């Protein structure tokens, strides 16, 4: 517990916070650490050996292979690109008569030349291999060779399986282990299946450790700072362990290793391993009201803390996560492996359980019991897109490019909780017969909705169908900027357009050839346009919600329900307004308030009805709920069969958490930071704790317990830390209590040498 003292301005000040002994030891280590010089010449102390030493040129190789952020004591290179190794020999190498034989293998005893997980090559390259090598490695002498050393440029093939390799040499009758190295995908090399032409996109989708994940609802989109942290010291080993602990590897090690040259295969394996239901993967999902035995999904601010905890606990599943956590962690693993990846958020996202591309939504009439649907509509859902070629779908490249991969365990695919890669081009065209999981993703962004009213007697009556509700503001972070990029048009044509309806019709068709589909040449032809429907008469009643003020936690929520009609006669209306606390995945938490009123709507005039949700009504539910769903069901009393519906998913803005760092920030030099927070409610906050995190700044999360905080008080927490990596990093503070969950604030920190 941190001891506080009263200060001016009704604040509580906690200077120079102390951490647990474990945290202190981590910080002390960080203070003492200095930059590594890299792997230098290593002398093999063997008196009669022809091999006297090796230099793997880690600094040079890492710089050239864009792996310079990774530790230099582990050589990490990219396929399709040469790296340099220098051997120190007992006598000069004569290229005319001597032969250096090298072997690169991955998988230990499972390595196989037939499966291209082992390859012998050398100087000169004899060219005769036992099998027709799928992925031959090559070697050539570098100009840096001299009488006492042999400088070799080694090039892995562009389709080699990624993973950890042993590099061995044989010369003058002696065999020697030269080095272990890690081979990654290479989006900088045109021959690699993950090649991405734009350099700014490569920097964003492979090298950038700081990102944004968009959450909230379609009308209240907010960014969450997410620290991918994929260049932290232990991330190479952790990400390779993700592959090695998959069911694919456990069931067929040799086949799994051989398939790791295919980014589509790797992405599907990672999507299964990030969740836990069937393979004891990294993160356990939890959408309940209790997070006993773990941490709330909203606690997390980055991937490395989760992945390092998974490793620290002997690869025991970390508790708990929800969709944005799964997506953030998966993005980190994919970027580390070298596959360009971005996090994508879909607002008003459908979860279609029966694969009919239709979602049923139930609205209870007054006095009826709330009815859950097997289908659901989430305020938002988060997945990733990865960039790769898809030769398994067509040789013509029609389905290359961005592929949807989803690690959230929603529905099983091929017996496992995995999803994708689903080609974005296939989703846009409605090619729902293509692998993998295209129908499921298509429904998430473009399913039709049917709204039902549940009567008191339990019967359901259809209200209307909606073809435009699902798939709003599909968002990802912009390249090079902390701004939201809307990519909805990459998934579907404009809602309601002839093209969009034609694609939907094609997607649900059992006989795609009858409505236009794959041609004999292997390409695709767009579905024929559907004749436009005759224009509908304009609606006689329109309903919308307007904000009076921005909804903020700790303040009354104020909205207006605005109704208008183009009818020439006045209309008597029965209006039922309900406010429900909801999980973001569409699960009901509790009814906050409900009211029924009768109003008269006059011709050609708007009727504006104030809606106030007092803080005292909602705040006790917000520890469990993510949003307030405000619904208005309007019945025309002269025509009771005519009902109208309007909904608004209100997201409360968190109370501000202000994080600042003072002074000029240098690597390995201690500096000070501060967190400011004010109690947003008129009662004492209990169970207060603060967590600090940030890759490159803190080796692990630091947690501080804080005293209870009375109404109208604020605290100022001062702390010290030592950054250990250069570049722009993000320091995140998370404030949690018994009354609310995980308010966050952040500060960008530019760490210089």
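Residue numbers (this note's numbering): 619 to 1371. Backbone N, C-alpha and C fix where the C-beta goes; we use that ideal spot for every residue, glycine too. This one's a predicted model, so the numbers in the text were calculated from it and none came from an experiment.
{"Check": "Residue 1037 and residue 968 closer than 9 Å at C-beta", "Outcome": "no"}
{"Check": "Completely contained beta strand (DSSP E) runs for the stretch 770–799, where each covers 3 or more residues", "Outcome": "781–789"}
{"Check": "Assigned exposure category for residue 1202 - 16 Cβ within 10 Å defines buried", "Outcome": "buried"}
{"Check": "Beta strand (DSSP E) segments (min. 3 residues) lying fully within the stretch 999–1068", "Outcome": "1019–1023"}
{"Check": "The alpha helix (DSSP H) enclosing residue 1170, as first and last residue numbers", "Outcome": "That residue, residue 1170, is in no alpha helix (DSSP H); it is neither H nor E in DSSP."}
{"Check": "Spatially closest choice to residue 837 from 1090, 1222, 788, 861, by CA coordinates", "Outcome": "1090"}
{"Check": "Those residues which DSSP pairs with residue 1351 across a bridge", "Outcome": "1310, 1363"}
{"Check": "Residue 931 to residue 897 span [Cα, whole Å]", "Outcome": "16 Å"}
{"Check": "Three-way DSSP call (helix, strand, coil) for residue 1108 in this model", "Outcome": "helix"}
{"Check": "Whole-angstrom distance between residue 1105 and residue 1223, CA atom to CA atom", "Outcome": "37 Å"}
{"Check": "Cβ-based burial, residue 1282 [other Cβ within 10 Å; buried from 16]", "Outcome": "exposed"}
{"Check": "Through-space distance from residue 1003 to residue 1303, alpha-carbon basis", "Outcome": "40 Å"}
{"Check": "Option in 1226, 938, 1200, 1190 with minimal Cα separation from residue 1216", "Outcome": "1190"}
{"Check": "Length at least 3, wholly inside the stretch 1183–1228: the beta strand (DSSP E) runs in chain order", "Outcome": "1189–1200, 1206–1219"}
{"Check": "Given residue 1123 as reference, the closest of 1093, 1050, 825 once Cα atoms are compared", "Outcome": "1050"}
{"Check": "Distance CB(residue 961)-CB(residue 946) smaller than 9 Å", "Outcome": "yes"}
{"Check": "The alpha helix (DSSP H) enclosing residue 1118, as first and last residue numbers", "Outcome": "1116–1126"}
{"Check": "Straight-line Cα distance separating residue 1290 from residue 1337", "Outcome": "6 Å"}
{"Check": "Residue burial classification, residue 910 (beta-carbon count within 10 angstroms, cutoff 16)", "Outcome": "exposed"}
{"Check": "Own chain partners of residue 1294 with C-beta closer than 7 Å, once the 5 adjacent residues on each side are dropped", "Outcome": "1276, 1332, 1334"}
{"Check": "Within 9 Å, strictly: CB atoms of residue 1261 and residue 1081", "Outcome": "yes"}
{"Check": "Proximity below 9 Å, CB of residue 949 to CB of residue 829", "Outcome": "yes"}
{"Check": "Neighbourhood of residue 904 by C-beta distance below 8 Å, restricted to the same chain and skipping five residues each side", "Outcome": "912, 915, 937, 938, 939, 940"}
{"Check": "Cβ shell of residue 1278 (< 7 Å), same chain only, five flanking positions each side left out", "Outcome": "1291, 1292, 1365"}
{"Check": "Length of the line joining the Cα atoms of residue 791 and residue 737", "Outcome": "19 Å"}
{"Check": "Unbroken stretches of the beta strand (DSSP E), 3 residues or longer, contained in the stretch 1266–1321", "Outcome": "1275–1280, 1289–1296, 1307–1311"}
{"Check": "Test item: CB-CB of residue 1026 and residue 944 under 9 Å", "Outcome": "yes"}
{"Check": "Residue nearest to residue 876 in terms of C-alpha spacing, selected from 1280, 783, 1035", "Outcome": "783"}
{"Check": "Proximity winner among 1121, 697, 703, 671, relative to residue 677 (alpha-carbon distances)", "Outcome": "703"}
{"Check": "The alpha helix (DSSP H) enclosing residue 843, as first and last residue numbers", "Outcome": "Run containing residue 843: none in the alpha helix (DSSP H); it sits in the beta strand (DSSP E), 838–845."}
{"Check": "Where the alpha helix (DSSP H) through residue 851 begins and ends", "Outcome": "Here residue 851 belongs to no alpha helix (DSSP H), and DSSP marks it neither H nor E."}
{"Check": "As assigned by DSSP and simplified to three states, the class of residue 824", "Outcome": "helix"}
{"Check": "Cβ-based neighbour list, residue 1140, same chain, cut-off 7 Å, excluding 5 preceding and 5 following", "Outcome": "Per-residue confidence for residue 1140 stands at a pLDDT of 42, beneath the threshold of 50, marking its modelled position as unreliable; the derived number appears in the next sentence. Within the same chain, residue 1140 has close Cβ partners 1012, 1013, 1014."}
{"Check": "Euclidean distance between Cα positions of residue 640 and residue 1319", "Outcome": "With a pLDDT of only 38 at residue 640, under 50, the local geometry of the prediction cannot be trusted, and the value read off the model is given with reservation. Residue 640 and residue 1319: Cα-Cα distance of roughly 11 Å."}
{"Check": "Residue range of the unbroken alpha helix (DSSP H) whose run includes residue 676", "Outcome": "676–682"}
{"Check": "Residue 1088 (DSSP reduced to helix, strand or coil)", "Outcome": "coil"}
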